[in-house]
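Below is one structure, written out as structure tokens; comments come after it.
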Amino acid sequence: MEMLTNDLYTNYSTPYSNRRAIATCDIVILFFGGQGSGMITNTGEFILFKQTSSVITKWVNKKWFVPIKRGVYINMWYFQPGFVKKYVLDVEPQILELMKTNQLAIVEAWEKVTTVSPRFRKKVADCFKNRDQLLPICREELFDY
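Using the working numbering, read the sequence shown as starting at -14 and increasing by one per residue.
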């Protein structure tokens, strides 16, 4: 019975499930703050949710999510060091295009959003340096929001 229930919840086309979930590997940026939390997905969509940053600690993919400033975590899978400025991170171009397509206002302030604050530069640098040693990203892990 438990196996059947799990299958129903993970099958998005099931009309009996009203589960709101996303694969953690599809999250590009997470924002946490007093006004609420939000994420940008790899399809350029912005989604609001209620959880705090502590939710990341429970994820298999947690080591891929690195803080770059207070309340902002990025999925390092999608980023590389900035070409022009080392601590203004570059995202995969197709992600940025999808965000533009979805008319996300954040694109206008992209450099501000992806600039790593001095407090987190060592964490980001360490993650880039040790990226090959991270577990492969788990594509099956879901985040219920």
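Backbone N, C-alpha and C define an ideal beta-carbon position, used for all residues, glycine too.
Which partner residues does residue i have in the DSSP bridge list?
i, result
"I12", "T26"
"T100", "V73"
"G18", "G21"
"I7", "F128"
Taking residue i and residue j to be in contact with their CB atoms under 8 Å, please state how far apart those CB atoms are, rounded to whole angstroms.
i, j, result
"Y63", "V13", "5 Å"
"A8", "R124", "6 Å"
"Y58", "V69", "Actually they do not touch by this definition, with Cβ atoms about 23 Å apart."
"F31", "L89", "6 Å"
"V101", "L74", "7 Å"
"G18", "T86", "The pair is not a contact, with the Cβ atoms about 25 Å apart (cut-off 8 Å)."
Mind checking which residues open and close the beta strand (DSSP E) that includes residue i?
i, result
"F128", "L127 to D129"
Just reading off the alpha helix (DSSP H) that residue i is part of, what are its end residues?
i, result
"C112", "R106 to K114"
- Message: Could you tell me which whole beta strand (DSSP E) segments of length 3 or greater appear in the region 21 to 93?
- Response: 21 to 26, 31 to 34, 50 to 54 and 57 to 60
- Touch check for the region 19 to 31 and the region 119 to 126: three-plus C-beta pairs under 8 Å? no
- Task: Answer yes if the region 85 to 98 comes into contact with the region 36 to 45, meaning at least three C-beta pairs across the two stretches below 8 Å, and no otherwise.
- Result: Under the 8 Å Cβ criterion, the region 36 to 45 does not count as touching the region 85 to 98, having fewer than three qualifying pairs.
- Any contact of the region 100 to 108 with the region 75 to 82, i.e. 3+ C-beta pairs under 8 Å? The region 100 to 108 is not in contact with the region 75 to 82.
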